[in-house]
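In my numbering, the protein residues as written are 8 to 459. No residue lacks a Cβ here, since even glycine has one placed at the ideal position from N, Cα and C.
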RNA sequence: GCGGGUAUCGUUCAAUGGUAGGACAUUGGGUUGUGGUCCCAAGAACCUGGGUUCGAUUCCCAGUACUCGCCCCA
């Protein structure tokens with residue numbers, strides 16, 4: 008009785024002012040985060056399978072690295088002045104006061120691991136692949152999330168351009184095999200630090216003279232990161248740079264030869280590529296080769312380019328992080344974008360293994376027997392479905408039917424006692440009673456007879 | 001960071017200034033231990049906070065999310 012009073016008091020008096028503001032419990036993850044539900048896994052599984060197969064085929068071995076690294080691992084390698092570092096990192100301090108960040112990409116962490124574990128003494132090149140989530144605090148839109156998944160490969164310790172070609176070959180192959188036939192590769196060379204420096208001053212000199220015609224952002228870029236002006240989508244900047252000096256015309260001899268050889272390899276591989284002198288890429292650590300994988304989709308009148316992945320050579324990165332000078336090259340693919348593209352195209356999906364047998368039971372005793380029967384069937388490699396939680400035979404058969412199984416095994420009270428099982432052929436509806444001990448062999452025989 | 005659009009059962013669509021209806025899906029049933037079709041039933045929703053109003057899911061504003069585009073990128 009007194010309880011009741013309390014309750015009414017609470018409910019009638021409180022609504023005016025909620026004292027302690029309860030934090031609202033939102034039944035959704037933070038912005039840019041999302042679940043990948045079973046229905047979509049048919050694409051993801053296909054991506055995982057094909058990409059890992061390609062990595063294995065080319066001799067790459069898996070590496071897993073932490074999701075969290077010290078912030079300066081990223082800021083030093085990717086570079087201050089890039090959007091990724093300046094605006095998009097999930098950075099925080101730990102209770103111990105360490106400044107850490109969720110990885111916005113893998114390459115920096117892999118270079119760190121390479122140095123830490125002394126991989127420089129391993130046979131070269133050290134070939135690694137990875138996949139997993141990355142985080143960038145960016146504005147979500149189609150195919151872009153704050154938590155996104157990358158697959159990628161890195162080859163460290165080899166400077167031969169044939170590795171650059173292999174990277175492009177692998178990335179291109181994965182995308183193509185996933186059914187995205189419209190994939191194109193754009194390649195460019197931004198040179199080594201030496202030739203880039205002189206190219207850079209040429210470029211600055213050029214843009215300086217046309218500064219008035221550049222957009223606001225590009226005026227800033229002119230000081231911070233002039234190469235990125237080549238990336239700008241603003242009309243006026245596009246016009247201004249049309250006659251800007253191009254990096255490939257100003258490569259040093261070594262870089263020029265490197266690039267020339269890469270192109271020859273690509274021709275040999277018959278991979279369709281486009282030279283794109285404006286391709287720069289956002290990260291600081293790139294040297295020489297840079298490339299991107301794009302799809303071209305018709306967006307009304309003009310074709311829209313959509314980046315599925317990219318990569319390049321980063322000969323300076325390992326040294327930047329304190330290791331010995333190590334040439335390296337890698338690429339990564341945006342798995343989310345691949346999935347989006349596959350969905351659009353109605354690309355081939357991973358086929359989930361389907362059960363061919365259903366096990367139905369009636370009554371407590373039979374249910375117990377079924378548990379053993381299920382295990383026996385599974386162990387002999389027969390995929391079995393069940394609905395042990397359901398009581399009526401009718402509803403169980405309904406489930407069996409929906410699953411499209413070929414055979415249903417029925418164990419009722421009587422069969423459980425007799426050590427028998429009813430074998431029902433779902434297509435014809437015919438059924439027959441057999442010895443419980445012979446179920447596995449009988450089912451195998453019948454499935455074989457039916458075939459696929 | 002900037003602009004446009006959207007916001008109703010799990011999904012997809014309706015209607016409505018007086019608290020909402022269908023379809024698909026789900027669960028149960030159409031006698032006792034037998035599926036597909038069919039029939040019946042049930043559960044299940046107005047993003048959040050303000051404002052206008054006697055009254056708002058509906059109108060207005062803000063927030064948030066989603067979405068498209070810009071920027072950037074995978």
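Residue 78 carries a helical assignment under DSSP once its states are collapsed to helix, strand and coil. Contact annotation: the stretch 145 to 158 does not touch the stretch 257 to 264, with fewer than three C-beta pairs closer than 8 Å. Residue 249 counts as exposed, since fewer than 16 other beta carbons sit within 10 angstroms of its beta carbon. Judged by their CB atoms, residue 220 and residue 244 are nearer to each other than the 9 Å cut-off. Residue 371: member of the alpha helix (DSSP H) spanning 371 to 386, first to last residue.
The residues 365 and 415, in chain order, have a CB closer than 6 Å to that of residue 407 in the same chain once the five nearest residues on each side in sequence are set aside. For residue 160, the enclosing beta strand (DSSP E) begins and ends at 154 to 163. In the three-state scheme derived from DSSP, where H, G and I count as helix and E and B as strand, residue 444 is classed as helix.
Taken through DSSP and simplified to helix, strand or coil, residue 127 comes out as helix.
A residue is called buried when at least 16 other Cβ atoms come within 10 angstroms of its Cβ; residue 378 does not meet this threshold and is exposed. Residue 187 is a Cβ neighbour of residue 345, given a cutoff of 9 Å.
Our two residues, residue 64 and residue 216, have alpha carbons roughly 51 Å apart in a direct line. Classified as exposed, residue 371 has fewer than 16 neighbouring CB atoms from the shown chains inside 10 Å of its CB.
In the three-state scheme derived from DSSP, where H, G and I count as helix and E and B as strand, residue 458 is classed as coil. Secondary structure at residue 95: coil, using DSSP grouped into helix, strand and coil. Taken through DSSP and simplified to helix, strand or coil, residue 262 comes out as helix. DSSP places residue 393 outside any alpha helix (DSSP H); the residue lies instead in the beta strand (DSSP E), whose first and last residues are 391 to 393. Taking the CA atoms as reference points, residue 195 sits about 40 Å from residue 359.
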